[in-house]
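Report on one structure; see the data block that follows.
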Amino acid sequence: MKALSQNRRHPLMGLALLLLRLLVTGGLYSVASTVNQAQAATQVTAAASADDISEGEKLFNANCASCHGTGAAGGPSGPSLIGVGAASVDFQVGTGRMPMQMNGPQAQVKPNQFNDEQTAQLAAYVASLGAVQAVPEDEYLDVNHEDVDITRGGDLFRINCAMCHNAAAAGGALTRGKYAPSLQGVEEKHIYEAMETGPQNMPVFSDSNIKPEDKRDIIAYLKTIENQGSPGGLALGSLGPVSEGLFIWTAGLALIIGFMVWLTSRSS
């Protein structure tokens with residue numbers, strides 16, 4: 314009995330109990346995440362018809378499997394798409410980034426290879442393999458919604474996005490030949506999907522970081538400044554004081570040189 318009492322008071326007993334609790338908590342979290350993903354996949358698959366998934370698989374095998382592998386399991390030229398979800402496919406294919414036109418630091422926007430129906434079929438097929446993010450609902454794409462707060466959207470954009478995309482959403486250069494693209498003329502759905510999935514160099518802004526309503530506010534702000542144009546005059550790419558200063562110096566020097574040439578020609 315004395316030996317048993319000593320074992321219970323062993324200094325490592327507390328550490329062992331802590332490790333056991335962490336293992337149990339981690340296991341429960343893993344199970345819950347798996348169940349949530351399975352439920353999301355079931356919902357997305359149920360929303361898409363079997364014909365859409367079948368047609369999407371045919372399109373995938375004909376146009377995407379050479380890089381992403383059979384069954385989207387990945388290959389030497391492309392990552393696995395299992396668990397990617399419909400939103401990522403809709404963004405990449407809908408903006409023409411995929412299939413890629415050529416290898417480079419990042420996929421570039423180009424004319425769409427697939428129409429809207431084919432894009433939806435591809436998204437349905439990939440989502441059926443395991444869904445994460447679904448295509449956003451129309452409610453969160455309505456920039457004229459009564460609850461939209463454009464001022465808050467501007468604040469959120471400047472805090473989370475402007476350091477890469479520029480305060481005027483004109484885009485900007487990144488490292489190693491990469492860049493943050495301009496957001497002018499981008500569809501509301503694709504802006505939302507980019508925030509949700511974090512394509513290429515962009516971080517993921519999940520609903521726990523930026524709520525769907527806040528994403529809608531950001532989109533409303535971007536569409537507002539897009540529709541306003543450049544009320545101050547020539548935008549000069551909206552790249553800020555560097556481009557503006559360079560323009561002023563260049564134009565000023567050109568005027569001075571031209572004036573000196575004119576004076577010289579008059580005196581002669």
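Here the sequence shown is numbered in my numbering, starting from 314 and rising by one per residue. Backbone N, C-alpha and C define an ideal beta-carbon position, used for all residues, glycine too. Every value quoted in this text rests on a predicted model; they were computed, and no experiment measured them.
query                                                                                             : result
CB contact flag (E501, I523, <7 Å)                                                                : no
Test item: CB-CB of K423 and G409 under 7 Å                                                       : yes
Own chain, CB closer than 8 Å to L487, minus 5 neighbours either side, in chain order             : C477, A493, N514
Whole-angstrom distance between F427 and I538, CA atom to CA atom                                 : 30 Å
Same chain, Cβ closer than 6 Å to A437, five either side skipped, listed in chain order           : A361, D365, I366, G369
Spatially closest choice to G498 from D455, P512, G542, P516, by CA coordinates                   : G542
Burial state of R529 (16 or more Cβ within 10 Å)                                                  : buried
Sufficient close CB pairs (3 or more, under 8 Å) joining the region 444-459 to the region 399-416 : yes
Closest by C-alpha distance to H381, when choosing among A363, M411, P512                         : M411
Counterpart residues of Y492 in DSSP-defined beta bridges                                         : A486
Separation of Q419 from T510, as counted between CA atoms                                         : 16 Å
Opening and closing residue of the alpha helix (DSSP H) in which E513 lies                        : One point to set straight first is that residue 513 is Gln, not Glu, in the sequence displayed. Where Q513 is concerned, there is no enclosing alpha helix (DSSP H), given that its DSSP letter is neither H nor E.
7 Å Cβ cutoff met for T432 and G407                                                               : yes
Contacting residues, own chain, Cβ-Cβ under 7 Å from I395 (five flanking each side not counted)   : A385, A386, L442, G443
Selected residue, minimal CA-CA separation from N416, among G490, G558, N473, D460                : G490
Those residues which DSSP pairs with G443 across a bridge                                         : According to DSSP, which records beta bridges pairwise, G443 is partnered with nothing at all.
Distance cut-off 6 Å: L566 Cβ against heavy atoms of the ligand COA                               : As far as ligands go, the structure on display features none, and thus does not contain the ligand COA.
For F373 and M508, the rounded distance between their alpha carbons                               : 25 Å
Proximity winner among A475, C474, S495, relative to E484 (alpha-carbon distances)                : Before going further, note that residue 484 is Gly rather than Glu in the sequence given. Ranking the options by Cα distance to G484, first place goes to S495.
Candidates Q405, Q414, T464, of which the one nearest D429 by Cα                                  : Q405
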